[in-house]
Amino acid sequence: GENVEQHPSTLSVQEGDSAVIKCTYSDSASNYFPWYKQELGKRPQLIIDIRSNVGEKKDQRIAVTLNKTAKHFSLHITETQPEDSAVYFCAPKTGGSYIPTFGRGTSLIVHP
Amino acid sequence: EPEVTQTPSHQVTQMGQEVILRCVPISNHLYFYWYRQILGQKVEFLVSFYNNEISEKSEIFDDQFSVERPDGSNFTLKIRSTKLEDSAMYFCASRREGDEQFFGPGTRLTVL
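Just so you know, the sequences run in chain order A and B. Under the numbering used here, think of the first position of the first sequence as 10, with each following residue one higher. Under the numbering used here, think of the first position of the second sequence as 3, with each following residue one higher.
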């Protein structure tokens, strides 16, 4: 099965700084790469996703970059705000299945 | 905007008891999922359901678990004889076509 690693496990930044979280995966057949944000006690919510035919996607302060050769993709948050504080999960999905494999999560703390 | 709903939000039960967790997926969605998340850990896939039958299941989804779509709106997860280690947050998710899954708010199951 897919082996997914996320780094770092915890990330602490000052408001206004940028944050980058990296996700590596093992299955070269993976073709869908989403990032979820989960606030404490809440549901995971999709914040951005990318498919294997695209290298980068941006949505306001959030971007995702994909390197299929190296089998990793990263979440970039610019101009961080305290409300960005949450746990972020990557969940790549292999082709032929609709079952994502979640990473262990990265706890992002944005200090005001 | 339509959302996945789940009831109850919190269920407390004694070890060995049966529990049924309920979900109402988004009305025009066709694929349904159950996940669990042990406190502080990653989200783990349990089972997927399409066209009134299980399409995929994980090793966690053993004979103690079952799913059902008893009518046109509800999707249930039954645990026949709960164990302490079943204590977790259980998320239902649904999708129509494509990759994006929409998660419910979760049911926190506590087994005493």
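Glycine included, C-beta positions come from ideal geometry on N, C-alpha and C.
Just confirm the distance between the C-beta atoms of H120 of chain A and Q23 of chain A, as a whole number of angstroms; I'd bet it's less than 8 Å.
Contact flag correct, Cβ pair sits at about 5 Å.
Which residues mark the beginning and the end of the beta strand (DSSP E) in which K80 of chain B is found?
It spans F77 to I81 - the beta strand (DSSP E) in which K80 of chain B sits, taken as one unbroken run.
How close, in whole Å, do the beta carbons of Y41 of chain A and D68 of chain A come, if the pair is a contact with beta carbons under 8 Å?
No, Y41 of chain A and D68 of chain A are not in contact; Cβ-Cβ is about 16 Å, not under 8 Å.
If you draw a straight line from the C-alpha of K102 of chain A to the C-alpha of L32 of chain B, how long is it?
A straight-line Cα-Cα distance of about 19 Å links K102 of chain A and L32 of chain B.
Minimum Cβ-Cβ distance from P101 of chain A to chain B less than 7 Å:
With 7 Å as the cut-off, P101 of chain A does not count as an interface residue toward chain B.
Excluding five sequence neighbours on each side, which residues of the same chain lie with their C-beta closer than 7 Å to the C-beta of P122 of chain A?
Any property of residue 122 of chain A remains undetermined from this structure, which presents chain A solely from 10 to 121.
If you follow the beta strand (DSSP E) that D68 of chain A is part of, which residue opens it and which one closes it?
Where D68 of chain A is concerned, the enclosing beta strand (DSSP E) starts and stops at E65 to D68.
Does chain B have any CB closer than 7 Å to the CB of F82 of chain A?
So no, F82 of chain A is outside the interface.
Is there a Cβ from chain B that is less than 7 Å from the Cβ of F111 of chain A?
So yes, F111 of chain A belongs to the interface.
Flag L117 of chain A as yes if its beta-carbon sits less than 7 Å from any beta-carbon of chain B, otherwise no.
Chain B places no beta carbon closer than 7 Å to that of L117 of chain A, leaving this residue out of the contacts.
Whole beta strand (DSSP E) elements within the segment 26 to 70 of chain B, 3-residue minimum:
For the segment 26 to 70 of chain B, whole beta strand (DSSP E) runs of length 3 or above, ordered along the chain, are 33 to 39, 46 to 52, 55 to 59 and 67 to 70.
Out of B:V6, B:R38 and B:E99, state which residue places its alpha-carbon closest to the alpha-carbon of L111 of chain B.
The option with the nearest alpha carbon to L111 of chain B is B:R38.
Straight-line Cα distance separating L48 of chain B from L97 of chain A
In the sequence as displayed, the identity of residue 97 of chain A is Tyr instead of Leu. Those two C-alpha atoms are separated by around 20 Å.
Could you check where the beta strand (DSSP E) with I9 of chain A kicks off and where it finishes?
Outside the modelled stretch of chain A, which goes from 10 to 121, sits residue 9 of chain A, for which no answer is possible.
Using the Cα positions of A95 of chain A and N54 of chain B, report the straight-line distance between them to the nearest angstrom.
Roughly 35 Å separates the two Cα atoms.
Tell whether a beta-carbon distance below 7 Å holds between T89 of chain A and D26 of chain A.
The answer is yes: Cβ separation under 7 Å.
Nearest residue (CA-CA) to E9 of chain B, options B:Q16, B:P27 and B:Q19
Residue identity check: residue 9 of chain B is Thr in the sequence provided, not Glu. Checked all of B:Q16, B:P27 and B:Q19; the closest Cα to T9 of chain B is B:P27.
Under 6 Å from any heavy atom of the ligand NAP, does the C-beta of L117 of chain A make it?
The ligand NAP is absent from the structure shown, which contains no ligands of any kind.
What is the DSSP secondary structure of P91 of chain A, counted as helix, strand or coil?
P91 of chain A falls in the helix class under three-state DSSP.
According to DSSP, simplified to helix, strand and coil, what is L114 of chain B?
In this structure, L114 of chain B counts as coil in the three-state DSSP scheme.
Residue(s) in a DSSP beta bridge with P43 of chain A
BP columns for P43 of chain A point to A:D58.
Sequence-distant residues of the same chain with beta carbon closer than 7 Å to R60 of chain A, five excluded per side:
Excluding residues within five positions, the ones whose Cβ falls inside 7 Å are N40 and Y41.
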